[in-house]
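Peer 1: Just passing along the structure, written as structure tokens.
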Amino acid sequence: MASSAGADSGSGCSVVRCGNCEVADAEFILILKNNESLLDFFYRHNVLSCHARCSCGAQMTPKGRLDRKLNFRCQKMNPTTGRKCNTSYSLHKGSFFDHSRLSLQQAAHVVLLYINRPPPRCRYIAREVNLSIPTLIDWFSFIREVFIFWVHQHCSQLGGPGEVVEFVEARGSKRKYNKGRIMDDHYIIGGIQRSTEQFFVVTVESLSSATLLHIIQDNILPGTTIISDCWRTYDCLGEKGFQHLIVHHSYNFTNLDTGAQAQNVEQKWVKVEKLIPRFGRKKNEQYFGNLAEALFKLHFPDHTQRLHHFWATVAQMYPPFAHF
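Put into structure tokens, the structure is as follows:
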């Protein structure tokens, strides 16, 4: 597992941060079998912190056993009382693993199998990791949230003259433990450009024709053909704002079930569609998670690159606590 790195300066932590690494499945299985190696992997990817500072000012390091819960515990002696501070916090606090009943090994193993094994995979992973189907379904939704966050970080403005963008909308849902940063009872709007790997995804609290108009103006360039079933759903093409885009900015709005859908689909879009299982193509609360997963995997076709970029994204979503 090669990586470029930089030390965590000024922290007192000797762990060197991973700049980029490639990890084969067999290599990560060996990491899972060694407690110190797994902790080092999470420290290097900033998923967990190897140090924290107590409110009293003392530096803390994790204590305990990995097969249980590791804790930061302050051992600073109070000169007035002659007692130790003994402030204690879980190493998992605020992290991707906060509130989880799974061990770090189990959670990391689930992620490995999920991101590198194609569907159907639920029963296979359940047997491999010895977890119940309901528990796995929860974890699959947590993993998809990371893909959605990654998509948000890599969005770009789409389209232009002669370009085709497919435009979709779905409802989000609340994450268990209220930890979700993206899918929190919102509408999720996405677009993908058929000729490239470019995409955008946005979330809004409510959806109307006016909201659609703003999303289009912010994310799709003039001259684009936009294919969607939204136009019929919201009956908006006759409205002044949409007519302005059609007449003055050369936008072409096409319903999903018209002849435009039967045109030759560009190769990149075909690849995305093939990465989404048939049962995951229904436009519901899971659709954008499945789409985001497909976009992530299309961006990283080499499976040895996926673990690094997945956990690096987790570190951005859930930056580890350094002060308590």
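My numbering applies: residue 6 is where the sequence shown begins, and numbers increase by one. No residue lacks a Cβ here, since even glycine has one placed at the ideal position from N, Cα and C. Values in this document were obtained by computation on a predicted structure and should not be read as measured data.
1) Alpha carbon to alpha carbon, how far is Ala63 from Asp307? Give it in angstroms, no decimals.
2) Looking at the structure shown, is Arg311 part of a helix, part of a strand, or coil, going by DSSP?
3) Tell me whether Asn83 is buried or exposed, calling it buried when 16 or more other Cβ atoms sit within 10 Å of its Cβ.
4) How many Å lie between Gln268 and Leu218 at the Cα?
5) So, at 7 Å on beta carbons, what are the nonlocal neighbours of Gly165 in its own chain, with the 5 sequence-adjacent residues on each side left out?
6) State the Cα-Cα distance for the pair Ile187 and Thr208, rounded to the nearest angstrom.
7) Could you tell me how far apart the beta carbons of Glu171 and Arg149 are, in whole angstroms, since I believe they sit closer than 8 Å?
8) Where does Asn91 sit, in a helix, a strand or coil, going by DSSP?
9) Have a look at the DSSP bridge pairing and note the partners of Pro67.
10) As a quick exercise: from Thr66, Cys23, Asp30, pick the residue whose alpha carbon is nearest that of Phe46.
11) Going by the beta-carbon positions, is the gap between Asn224 and Phe247 smaller than 8 Å?
12) Taking 8 Å as the threshold, find out whether the segment 124-142 comes into contact with the segment 300-319 through three or more Cβ pairs.
13) Would you say Gln203 and Leu163 are within 8 Å of each other, going by their C-beta atoms?
14) Could you tell me which residues DSSP puts in a beta bridge with Thr230?
15) Taking the straight line between their C-alpha atoms, what separation do you get for Trp316 and Gly195?
16) Can you tell me whether Pro325 is buried or exposed? The criterion is at least 16 other CB atoms within 10 Å of its CB, across all chains shown.
17) Look up Phe204 in the DSSP assignment and give the residues it is bridged to.
18) Taking the Cβ atom as the reference point for each residue, do Gly99 and Tyr323 lie within a distance shorter than 8 Å?
19) Verify whether the separation of the beta carbon atoms of Asp1 and Asn257 is less than 8 Å.
20) Out of curiosity, what's the CA-to-CA distance linking Arg49 and Ser213?
21) Of all the options Thr66, Leu37, Tyr119, Val115, which has the alpha carbon lying nearest to the alpha carbon of Tyr94?
22) Could you spell out the range, first to last residue, of the alpha helix (DSSP H) harbouring Tyr292?
23) So, helix, strand or coil for Gln266, using DSSP?
24) By alpha-carbon positions, which one of Ala215, His249, Ile220 ends up nearest to Asp240?
25) Report all residues from its chain with a CB closer than 6 Å to the CB of Ser255; omit the five preceding and five following residues, and keep chain order.
26) Starting from the Cα of Ser161, find the closest Cα among Arg132, Tyr129, Arg311, Thr201 and give me that residue.
27) For Val116, I'd like the list of residues in its chain whose CB is within less than 7 Å of its CB, leaving aside the five on either flank, ordered along the chain.
28) For Glu298, count neighbouring C-beta atoms within 10 Å of its own C-beta (all shown protein chains included) and say buried if the count is 16 or more, exposed if not.
29) So Leu96 and Leu75 are in contact, right, with Cβ under 8 Å, and what is the actual spacing, rounded?
30) According to DSSP, is Gly185 part of a helix, a strand, or is it coil?
31) Taking the alpha carbon of His56 as the reference point, which residue from Gln321, Ala175, Cys79 has its own alpha carbon closest?
32) Would you identify the three-state DSSP class for Glu174, choosing helix, strand or coil?
Peer 2: According to the structure shown:
1) Rounded to whole angstroms, Asp307 and Ala63 show a C-alpha spacing of 43 Å.
2) Residue state, collapsed to three classes: helix.
3) Its Cβ having fewer than 16 others within 10 Å, Asn83 is exposed.
4) Note that Gln268 scores 44 on pLDDT, short of 50, meaning its location in the model is unreliable; the coordinates nonetheless yield the value given after this. C-alpha of Gln268 to C-alpha of Leu218: approximately 26 Å in a straight line.
5) Leaving aside the five residues that flank Gly165 on each side, the residues in its chain whose CB is nearer than 7 Å to its CB run, in chain order, Leu226, Gly228, Thr229.
6) With a pLDDT of 44 at Ile187, under the threshold of 50, the predicted position of this residue should be treated as unreliable, though the coordinate-derived value follows. For the pair Ile187 and Thr208, the Cα-to-Cα distance works out to about 8 Å.
7) Going by Cβ atoms, the distance from Glu171 to Arg149 rounds to 20 Å, so no, they are not a contact pair.
8) In this structure, Asn91 counts as coil in the three-state DSSP scheme.
9) BP columns for Pro67 point to Phe77.
10) Sorting Thr66, Cys23, Asp30 by C-alpha distance to the C-alpha of Phe46 places Cys23 at the top.
11) Going by C-beta atoms, Asn224 is not nearer than 8 Å to Phe247.
12) No, the segment 124-142 is not in contact with the segment 300-319.
13) With respect to Leu163, Gln203 sits close: the two C-beta atoms are nearer than 8 Å.
14) Val169, Asn257, per the DSSP bridge assignment.
15) About 24 Å.
16) Around the beta carbon of Pro325, a 10 Å sphere encloses 16 or more other beta carbons of the protein chains shown; the residue is thus reported as buried.
17) In the DSSP output, where bridge partners are listed per residue, Phe204 has Ile197.
18) With respect to the 8 Å criterion, Gly99 and Tyr323 are classified as neighbours on the basis of their beta carbons.
19) In the structure as shown, the chain begins at 6 and stops at 329. Residue 1 is therefore absent and cannot be evaluated.
20) Inter-residue distance for Arg49 and Ser213 is about 44 Å (C-alpha atoms, whole angstroms).
21) It is Thr66 whose Cα lies nearest to the Cα of Tyr94.
22) First-last of the alpha helix (DSSP H) with Tyr292: 292-304.
23) Here the model assigns Gln266 a pLDDT of 45, short of 50, so the residue's position is not dependable and the matter cannot be decided.
24) Closest in C-alpha terms to Asp240, from the list Ala215, His249, Ile220, comes Ala215.
25) Counting only Cβ-Cβ distances below 6 Å, and skipping sequence neighbours, we find Pro227, Gly228.
26) Closest by alpha carbon: Thr201.
27) Excluding residues up to 5 positions away in sequence, Ile148, Phe315 lie with their Cβ nearer than 7 Å to the Cβ of Val116 in the same chain.
28) By the 10 Å Cβ count, Glu298 comes out buried.
29) So it is a contact: roughly 4 Å between Cβ atoms.
30) In this prediction, Gly185 has a pLDDT of 43, which is less than 50 and means its spatial position is unreliable; what the coordinates show is noted afterwards. Three-state DSSP puts Gly185 in coil, outside helix and strand.
31) In terms of CA proximity to His56, Cys79 leads the group Gln321, Ala175, Cys79.
32) Three-state DSSP puts Glu174 in a strand.
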